[in-house]
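Chemist: Residue numbers (our numbering): 22 to 188. From the three backbone atoms N, C-alpha and C, an ideal C-beta is built for every residue, glycine too. Keep in mind that this is a model prediction, so the values were computed, not measured. I'd like to ask some things about the structure below.
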Ligand SMILES: CC(C)(COP(=O)(O)OP(=O)(O)OC[C@H]1O[C@@H](n2cnc3c(N)ncnc32)[C@H](O)[C@@H]1OP(=O)(O)O)[C@@H](O)C(=O)NCCC(=O)NCCS
C-alpha cells in the first residue's frame, strides 16, 4: 500500500491508485503500448491537472498495468480513456476500473455515463456492452484519421448509500 488514501489493501495482487503527475511516464508508456494513435504527454498532463478529471490505475508488482481517465461533471461522467497492458488483458481489469468509476459516479449523483469509441474497436465495444452501455448515436469524423465515433451511454441506477471505492 503506497499511502493511506491512494491505494487499497486486499487479496487482489492489483493495487488501485489515483494517478498523479509523478505517474506521467508510466501512463504514457502504457498508452503507447495500447493505442496506434496515443495521447500525447501534453494531453495527459492536462488531464492530470484538470480538476474534473479522475485518473486511476491498477498496479501489479509496482508496475502500472491498467488506467482509466474520466471527467466527473455530475450529473454526467465522460469516459475519456481506458487501457490495459496487452499481457494483462482478459483478466477483468478494465471491468474493475469501470466498476470503480460507476461507484464514484453514484456517490456524486451521476445519472449518465457517456463515451466515444471507434466502431472498429471490437474489444472496447464488447467491454462497454458487457457493462450495459448502449449505442446512442454516431459522431461523424470524430477521430483525426477520419473514422467516425460511436457514442455510447449508460443510465446509472440510484446511489448506493454505503458505497466506497477504495482510494
Ligand atoms: C478494451 C480493453 C480496455 C479491455 O480490457 P480488458 O481488461 O482486457 O477487459 P476485461 O477483461 O475487463 O473484459 C471485460 C469484458 O469486456 C469484453 N471484452 C474484453 N475484451 C474483449 C474482446 N477482445 N472482444 C470482445 N469483447 C471483449 C468482454 O465482455 C469481457 O467480459 P468477459 O471476459 O466476461 O467475456 C483492452 O483490450 C485495451 O486496453 N485495448 C486497447 C485500448 C483500447 O482500445 N481502449 C478503449 C478505447 S475506447
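Exposed or buried, residue 1, counting other C-beta atoms within 10 Å across all chains shown (16 or more means buried)?
Modeler: The structure shown has nothing for residue 1, since the chain only spans 22 to 188.
Chemist: Below 7 Å, is the gap between the Cβ of residue 115 and the nearest heavy atom of ligand 1?
Modeler: Checking every heavy atom of ligand 1 against the Cβ of residue 115, one is found closer than 7 Å.
Chemist: Please determine whether the Cβ atom of residue 138 lies at a distance below 7 Å from any heavy atom of ligand 1.
Modeler: The answer is yes for residue 138.
Chemist: Beta-carbon separation of residue 60 and residue 73 under 8 Å?
Modeler: No, Cβ-Cβ distance for residue 60 and residue 73 is not below 8 Å.
Chemist: Starting from the C-beta of residue 107, find all residues in its chain whose C-beta is less than 7 Å away, skip the five residues before and the five after it, and write them out in chain order.
Modeler: If we look at residue 107 and ignore the five residues flanking it on each side, its Cβ neighbours are 54.
Chemist: Of the residues 151, 165, 42, which one's Cα is nearest the Cα of residue 1?
Modeler: There is no way to answer for residue 1, as the model of the chain reaches only from 22 to 188.
Chemist: Given 7 Å as the limit, tell me if residue 129 has its C-beta closer than that to any heavy atom belonging to ligand 1.
Modeler: Checking every heavy atom of ligand 1 against the Cβ of residue 129, none is found closer than 7 Å.
Chemist: Mind checking which residues open and close the beta strand (DSSP E) that includes residue 35?
Modeler: Segment 35-39, the beta strand (DSSP E) holding residue 35.
Chemist: Give me, in chain order, the residues of the same chain whose beta-carbon lies closer than 6 Å to that of residue 136; leave out the 5 immediate sequence neighbours on both sides.
Modeler: Hits under 6 Å: 100, 173.
Chemist: One question on the structure: do residue 140 and residue 103 come within less than 8 Å of each other, judged by their Cβ atoms?
Modeler: No, Cβ-Cβ distance for residue 140 and residue 103 is not below 8 Å.
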